[in-house]
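Scroll down for the structure; my scribbles are underneath it.
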Amino acid sequence: MSYTIGQSARLRKTITEADIILFAGISGDANPVHIDEIAARESRFGRRIAHGMLGAGLISAVIGMHLPGPGTIYLNQTLAFRSPIYIGDTVTAYAEIKSLRDDKPIATLITQLLNEEAKILIEGEAIVLLPS
């Protein structure tokens with residue numbers, strides 16, 4: 001497959017209670033702001049939030065499954081967590097090719113996770129080895 005600068009892909013998902021509980025179990029991150037309604041109500045967020053790395057995992061999914069797609073290998077990823085992800089949010093993971101190396105099959109991607117109001121929740125850049 002050939003790739004071009006500006007090429008992009010998206011993946012949408014509504015974040016559920018089950019997503020948060022399963023992620024807490026898999027990751028071992030049982031921070032009360034994610035799983036305890038009372039503690040979360042008393043937090044700066046006023047309610048439970050999803051794990052930031054759950055959102056980052058959706059960025060990984062769009063890269064690994066859509067652009068560049070299966071066979072892509074992460075080399076680097078920066079992440080800036082801008083706003084919380086709430087249960088019930090429908091989020092869109094977005095990746096866009098920013099640059100392509102001429103000497104190696106490596107791309108730099110702009111990465112974002114946005115909510116349904118197009119507010120940036122997570123942003124960063126990924127450097128990936130393109131599939132052969």
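Per UniProt numbering, the sequence shown starts with residue 1, numbered consecutively. Even glycine gets a Cβ: it sits at the ideal position worked out from N, Cα and C. Please read these numbers as outputs of a predicted model, since none were measured by experiment.
Could you tell me if residue i is buried or exposed, where buried requires 16 or more neighbouring beta carbons within 10 angstroms of its beta carbon?
i	result
residue 28	exposed
residue 74	exposed
residue 45	exposed
residue 25	exposed
residue 32	exposed
In this structure, what does DSSP give as the bridge partners for residue i?
i	result
residue 8	96
residue 76	127
residue 85	Residue 85 pairs with nothing; no bridge assigned.
residue 90	14
residue 38	In DSSP, residue 38 forms no bridge with anything.
How far does the beta strand (DSSP E) with residue i in it extend, from its first residue to its last?
i	result
residue 54	Counting along the chain, residue 54 falls outside any beta strand (DSSP E), though it belongs to the alpha helix (DSSP H) covering 52 to 65.
residue 107	106 to 114
Of the residues the options, which one's Cα is nearest the Cα of residue i?
i	options	result
residue 81	47, 119 and 8	119
residue 62	23, 45, 117 and 13	13
residue 19	103, 78, 51 and 100	51
residue 22	35, 2 and 114	35
residue 60	100, 6, 112 and 3	112
residue 94	4, 2 and 8	8
Considering only heavy atoms of the ligand PLP, does any lie closer than 6 Å to the CB of residue i?
i	result
residue 51	Here there are no bound small molecules, and the ligand PLP is not part of this structure.
Looking at the unbroken alpha helix (DSSP H) that takes in residue i, where does it start and where does it end?
i	result
residue 35	32 to 35
Under 8 Å by Cβ, that's how I've got residue i and residue j pegged, so tell me the actual separation to the nearest angstrom.
i	j	result
residue 68	residue 128	6 Å
residue 124	residue 79	4 Å
residue 121	residue 115	6 Å
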